[in-house]
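Please read the structure below before turning to the comments.
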Amino acid sequence: MKIDALIVGAGIAGSVLARKLAEEQGQQILVVDKRNHVGGYCYDYRDENGILIHKYGPHIFRTDSKEVWKFLSRFTDWQDYQHKVLANVNGHFYPMPINLDTVNQYLGTQYTAEDVEEYFEEHKISLIEINNVKDVIESQIGPEFYHAFFEHYTEKQWGLPCEELPPEIVARIPIRKNRDDRYFTHCYQALPKDGYTNMIQNILDHPNIHILLNTDFKDIKGAIESKHTYYSGPIDEYYNYCYGKLPYRNVTFKFETYPVEQYQPVSVVNYPNNYDYTRITEFKHFYPSRSSCTVIAKEIPSGGGYCNESAYPIPTSVNKELYRKYASIPNKKVTFIGRLGEYKYYSMDQIVEYILRNDISGRRKEKTDG
Ligand code: UDP
11 MKIDALIVGA GIAGSVLARK LAEEQGQQIL VVDKRNHVGG YCYDYRDENG ILIHKYGPHI
71 FRTDSKEVWK FLSRFTDWQD YQHKVLANVN GHFYPMPINL DTVNQYLGTQ YTAEDVEEYF
131 EEHKISLIEI NNVKDVIESQ IGPEFYHAFF EHYTEKQWGL PCEELPPEIV ARIPIRKNRD
191 DRYFTHCYQA LPKDGYTNMI QNILDHPNIH ILLNTDFKDI KGAIESKHTY YSGPIDEYYN
251 YCYGKLPYRN VTFKFETYPV EQYQPVSVVN YPNNYDYTRI TEFKHFYPSR SSCTVIAKEI
311 PSGGGYCNES AYPIPTSVNK ELYRKYASIP NKKVTFIGRL GEYKYYSMDQ IVEYILRNDI
371 SGRRKEKTDG
């Protein structure tokens, strides 16, 4: 078979790119993945109780891009879903992101939005420069809320002090003075009706796209002839760690089943200050389910290199510099894509948007959002 493009990794990046190249350019595509399933970190499956489980942690689809929404809607119907998160601090549940109710419940006050504004004004730390996670949070809401809700969660998640982590890590978490308790407020927010795996299978379902699962790129490298390779695995692994390992934060999921209707009030509860896990996800909240039992996953972050659990690039300036060294290795035959290939803390919609908008050699298409 003559292959135009070899795509390594059948996650969201590899799949959307495969569809784009097959559909728009008529290319013959081979997608290989070392796992026994497509979907990458978005992979989900139904367990024996019919509950849809996100194997690599909670994936909540949201976007402000009409283009991204329209593209994915060709491959799935959607289940309406508004993500709500609580933080368990000192044994009490508080709305997360921090909003008016969080402040009132935590301080035992009855502040209005204006009072909260005033409270934050009084307590926030004035800084000339915002250099890290601590600065971003303390400059908005002061040390007390930073210590209770952000400091330990962030250090547990990333394995580094907040002072060493860049502001962008928490930039996605707003601070609200109103009572909005949604985690995300994007124009579009939903879950694929039959799950992410089904949506990605549909994206890959094209006569020009061929898929090889259980196939490690290293084992077929020399055997497949293709004009170009798109690689969505870790860039340092591709280059045999020649400049050293890029650090990733791994998250291991501990699944537990309970013979109860409901384990916790919302799908995700964060545990910033206690336990070795950062959060517990209860999957039943995502889709309606008649099961009399429930499944939860505790997320336990750990250090070390990239492994087959969920992996987060750690975007410190030192690590980004090391990534740039890898990315600047001249290589006309390979393009690196996605969270691991680009060493970027991407959300799903950002990956899709990047692939749809770019010809991957860097030229931007006209913005088509309405
Ligand atoms: N975060 C925190 N406390 C929380 C929730 C989030 O300190 O209760 C910080 C933490 O550093 C986390 C980041 O905000 O890694 C982004 O949170 P998000 O829920 O978006 O993480 P993801 O779902 O990508 O793991």
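Under my numbering, the first residue of the sequence shown carries the number 11, and numbering increases by one thereafter. Where is the CB? At the ideal position from N, CA and C, for every residue including glycine.
Counting only the Cα atoms, proline 68 lies some 30 Å from alanine 32. Lysine 294 and isoleucine 210 have their C-alpha atoms some 21 Å from each other. When distances are taken from the beta-carbon of proline 282 to the heavy atoms of the ligand UDP, the shortest one is below 7 Å. Your pair proline 282 and tyrosine 163 checks out as a contact, with CB atoms roughly 4 Å apart and the cut at 8 Å. Per DSSP, asparagine 188 is not a residue of any alpha helix (DSSP H), being assigned neither H nor E.
Cysteine 172 counts as buried, since at least 16 other C-beta atoms from the protein chains shown sit within 10 angstroms of its C-beta.
In this structure, DSSP gives glutamate 266 an extended state, which the three-state scheme calls strand.
Straight through space, the alpha carbons of isoleucine 135 and valine 113 are spaced by roughly 17 Å. Shown here for glutamate 165: same chain residues with a beta carbon closer than 8 Å to its own, the five before and five after excluded, namely Pro171 and Cys172 in chain order. For aspartate 54, the enclosing beta strand (DSSP E) begins and ends at 54–56. Scanning Ala20, Gly21, Gln35 and Ile13 for the CA closest to the CA of aspartate 369 turns up Gln35.
Distance from the CA atom of tyrosine 206 to the CA atom of isoleucine 39, rounded to whole angstroms, is 21 Å.
Secondary structure at alanine 233: coil, using DSSP grouped into helix, strand and coil. Linking leucine 350 to asparagine 212 through their CA atoms gives a straight-line distance of about 23 Å. The residue among Asp14, Arg29, Leu110 and Trp168 with its C-alpha nearest the C-alpha of tyrosine 322 is Trp168. Going by DSSP, tyrosine 163 is part of the alpha helix (DSSP H) stretching over 162–168. Assignment of beta-bridge partners to lysine 308 by DSSP yields Lys264 and Ile290. According to the DSSP secondary-structure assignment, tyrosine 240 is paired through a beta bridge with Ile17 and Thr345.
With a cut-off of 8 Å on Cβ pairs, the region 331–343 is not in contact with the region 214–233, counting fewer than three such pairs. For the pair arginine 182 and glutamine 92, the CB atoms are not nearer than the 8 Å cut-off.
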